[in-house]
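Student:
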Amino acid sequence: MRSLILAAVLAVAPLGAALAADPIEVVSEAPSGGVEVKIAKMKFQTPEVKVKAGETVTWTNTEALPHNVHFKPGAGLEKDVEGPMLRANQTFTVKFNTAGTYNYICTPHPFMTGKVVVE
């Protein structure tokens, strides 16, 4: 009986962990196969991208002027997720765990906007 209960708990534990994951999370290294968005000419070159839950998006600043990626709360996101100021050729990667639409801006240049649609 104990082994049956233990097996049931172990079977449900990964599900609980998945449900507890943040809708988006910053990852330190971009995995291969993710979507890439270039930052150039004072805009996000692909202002809207679509990914599946569990996939990543990496932003690369290709110009000398620093930029960042800043997600504000809303649409299932409870807190700000603000990336660092990226200098030329630096990157910032986010993993999207939950379906939804995530709008973002460049904090010092709020006219620079983008959106990630997670299916």
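Those letters in the sequence shown? Residues -20 to -1, 1 to 99, per mature numbering (1 follows the signal peptide of the UniProt record, and there is no 0), in order.
Here a beta-carbon is modelled for each residue, glycine too, at the ideal position from N, C-alpha and C.
Could you check which residue in Lys75, Glu43, Val49, Ser12 has the C-alpha nearest to that of Phe91?
Tutor: Phe91 has its Cα closest to that of Val49, out of Lys75, Glu43, Val49, Ser12.
Student: Are Arg67 and Pro46 close, meaning C-beta to C-beta below 7 Å?
Tutor: Their beta carbons are under 7 Å apart, which means Arg67 touches Pro46 by this criterion.
Student: Just to confirm the assignment: which complete alpha helix (DSSP H) runs, minimum length 4, are found wholly within the stretch 17 to 91?
Tutor: For the stretch 17 to 91, not a single whole alpha helix (DSSP H) run of length 4 or above is found.
Student: Mind checking whether Thr71 and Thr40 have CB atoms under 7 Å apart?
Tutor: Against a cut-off of 7 Å, the Cβ pair of Thr40 and Thr71 comes out as a contact.
Student: Got a sec? Which residues, its chain only, sit under 6 Å from Pro27 by beta carbon, not counting five neighbours each side?
Tutor: The residues are Gly94.
Student: Which one of Lys23, Pro88, Asn69, Gly34 has the shortest CA to CA distance from Val97?
Tutor: It is Gly34 whose Cα lies nearest to the Cα of Val97.
Student: For Glu5, which residues does DSSP report across the bridge?
Tutor: DSSP output for Glu5 lists Lys75 as bridge partner(s).
Student: Are there 16 or more other CB atoms within 10 angstroms of the CB of Ala10, so buried, or fewer, so exposed?
Tutor: Result: buried.
Student: What does a CB cutoff of less than 7 Å around Thr87 pick up in its chain, not counting 5 residues either side in sequence?
Tutor: Answer for Thr87: Asn48, His50, Glu62, listed in chain order.
Student: Can you tell me which of Glu58, Thr38, Lys21 puts its alpha carbon nearest to the alpha carbon of Val7?
Tutor: It is Thr38 whose Cα lies nearest to the Cα of Val7.
Student: Please classify Gly(-5) as buried or exposed, where buried requires at least 16 neighbouring CB atoms within 10 angstroms.
Tutor: Confidence at Gly(-5) is low in this model, with a pLDDT of 42, below 50, so the placement of that residue should be treated as unreliable; the coordinate-derived value is given next. Under this definition Gly(-5) is an exposed residue.
Student: Classify Gly94 as helix, strand or coil using the three-state DSSP reduction.
Tutor: Strand.
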